[in-house]
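Here is the structure we will look at.
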Amino acid sequence: HWFFAWVGLELNTLAIIPILAKHHHPRATEAATKYFIIQVTASSLILFSSILNAWHTGTWDITQLSTKLATITLTIALTMKLGLAPMHFWLPEVMQGTTLSSALIIATWQKLPPMSLLLMTKHLPTPILLTLAITSTLIGGWSGLNQVHMRKILAFSSIAHLGWTMAILILSQKLALLSLMIYILMTTALFLVLISNTTKTFKDMSQLWTKSPALSTSCMFILMALGGLPPLIGFLPKWLILKELTNYHLTPLATLMAIASLLSLMFYMRLTYITTLTISPNITNSMMKWRFKPTTTISP
1 HWFFAWVGLE LNTLAIIPIL AKHHHPRATE AATKYFIIQV TASSLILFSS
51 ILNAWHTGTW DITQLSTKLA TITLTIALTM KLGLAPMHFW LPEVMQGTTL
101 SSALIIATWQ KLPPMSLLLM TKHLPTPILL TLAITSTLIG GWSGLNQVHM
151 RKILAFSSIA HLGWTMAILI LSQKLALLSL MIYILMTTAL FLVLISNTTK
201 TFKDMSQLWT KSPALSTSCM FILMALGGLP PLIGFLPKWL ILKELTNYHL
251 TPLATLMAIA SLLSLMFYMR LTYITTLTIS PNITNSMMKW RFKPTTTISP
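Per the UniProt record's numbering: the sequence shown = residues 1 to 300.
In structure tokens, the structure reads:
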């Protein structure tokens, strides 16, 4: 029932707002406000599309959404909630303004409610979904290239990965679900590494090896998996999606998606290089983090 789905989305939004704003800081308050405005706008569009469909068909059943205007409005609303391009502008700013643990929730758990509605809805507009898919993959990869903050990089990573999920949603829902689950698994693993070391920027990543070589090695494999390098787990959904697109004679789209993924791979490999192949300056024999401020002063 569409009304109960809308109520569930609203409860989900109201539950996460205090988590985002629990740190009394202007950035956290700003992030919570932006998130609230975007989610409320998207929820209003969902309610509008469900009422419009009920007016034309006489049913509130989620699987019976068939009115063209209602399906287009619903698709825009749910992709806005997911943070897909071109409705993605709120996601990097919100994730950057919150803590790492809150950013983890936004990048993983909060994707499940709108994605489950997309999976249940029939008659979704294929051209719009495919356009959103290629746009998200391109913008997610391109915008992530010039970032130095880990939360913003992972926000653009989320946009790019969800672009792949959208590309296959119409053709194979099982494959879309597999892609989403593997993305959530890899992103959660990377966030747990970042949280354990309070790593927020490239500079912190370059010091990860001196603090924990084991975590640094794990981080390298996670980043390469996110980039989609074989034989790691991140390669599997991309390979299957490209194969499925080719089977449905969507070779130009598959080619564009593969080329766009190289942009994402670029910043993943850059992070991998910084994490494992560069060691921050250290003049001591200890494994402690490099001290940027002198601990003793030499008198003249």
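C-beta: ideal position from N, C-alpha, C; glycine also.
- Closest in alpha carbon position to K34, among K174, G97, L47, is G97.
- Cβ-Cβ distances below 6 Å link L256 to I134 in the same chain, with the five nearest sequence neighbours on each side left out; the list follows chain order.
- Look at T201 here: in three-state DSSP terms it is strand.
- Distances from the alpha-carbon of M269 to those of M224, A28, I37 put M224 closest.
- Counting every other CB atom within 10 Å of its CB across the protein chains shown gives M87 a total of 16 or more, marking it as buried.
- Contact check between the segment 131 to 147 and the segment 248 to 268: three or more CB pairs, one atom from each, fall below 8 Å, which counts as touching.
- In the three-state scheme derived from DSSP, where H, G and I count as helix and E and B as strand, H149 is classed as strand.
- I37 counts as exposed, since fewer than 16 other beta carbons sit within 10 angstroms of its beta carbon.
- C-alpha of M115 to C-alpha of L82: approximately 8 Å in a straight line.
- Per DSSP, reduced to three states, the secondary structure at A21 is coil, with no helix or strand assignment.
- Within the same chain, Cβ atoms closer than 6 Å to the Cβ of T108 are found at I184, T187, T188, the five residues on either side in sequence being excluded.
- The Cβ-Cβ distance between F267 and L145 falls below 7 Å.
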